[in-house]
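Participant: Quick one: this structure, given as structure tokens, is what I'll be asking you about.
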Amino acid sequence: MKHLKYFSFLILMFSLLMMFFLFGLRAFVEVIFYFKTNTFSIKKQDVIEIISLGFIIGFFFSCVVCLVQYIQHKNR
Numbered sequence: 219m220k221h222l223k224y225f226s227f228l229i230l231m232f233s234l235l236m237m238f239f240l241f242g243l244r245a246f247v248e249v250i251f252y253f254k255t256n257t258f259s260i261k262k263q264d265v266i267e268i269i270s271l272g273f274i275i276g277f278f279f280s281c282v283v284c285l286v287q288y289i290q291h292k293n294r
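Going letter by letter, the sequence shown gives residues 219 to 294 in our numbering.
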């Protein structure tokens, strides 16, 4: 149960981190396009893509972290 809580916490933190990073990156790109085209728009579909991509990347990173910790623990 302890490992499941740890894994769930990792998924949540990595997912939130990636969502904020991707949203900031998307906003930065939109600001650059704003100076070129004078239109700034982040649509609902863009936000949904950012959330889903952030969750997928966060899940992958948490799996990698747990796997690395397991391998290090096994080698001791």
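Backbone N, C-alpha and C define an ideal beta-carbon position, used for all residues, glycine too. Note that this is a predicted model, so its numbers are computed, not measured.
Between Gly276 and Thr255, what straight-line distance do the alpha-carbon atoms span, to the nearest angstrom?
Facilitator: As a working note, residue 276 is residue 58 in the sequence shown. As a working note, residue 255 is residue 37 in the sequence shown. Approximately 33 Å between the Cα atoms of the pair.
Participant: Below 8 Å on the Cβ atoms is my guess for Gly272 versus Met237; work out the distance and round it to an integer in Å.
Facilitator: The residue labelled residue 272 in the question sits at position 54 within the sequence shown. The residue labelled residue 237 in the question sits at position 19 within the sequence shown. Gly272 to Met237, Cβ: 3 Å. Contact.
Participant: To the nearest angstrom, report how far apart Ile268 and Phe241 are at their CA atoms.
Facilitator: As a first step, residue 268 is located in the sequence shown; it is residue number 50 there, counting from the start. As a first step, residue 241 is located in the sequence shown; it is residue number 23 there, counting from the start. Between Ile268 and Phe241, the C-alpha separation is close to 7 Å.
Participant: Helix or strand or just coil, what does DSSP make of Met219?
Facilitator: Counted from its first residue, the sequence shown places residue 219 at position 1. Looking at Met219 - three-state DSSP - the assignment turns out to be coil, as it is neither helix nor strand.
Participant: Name the two residues that bound the continuous alpha helix (DSSP H) containing Lys292.
Facilitator: In the sequence shown, the residue the question calls residue 292 occupies position 74. That run of the alpha helix (DSSP H) goes Lys262 to Asn293.
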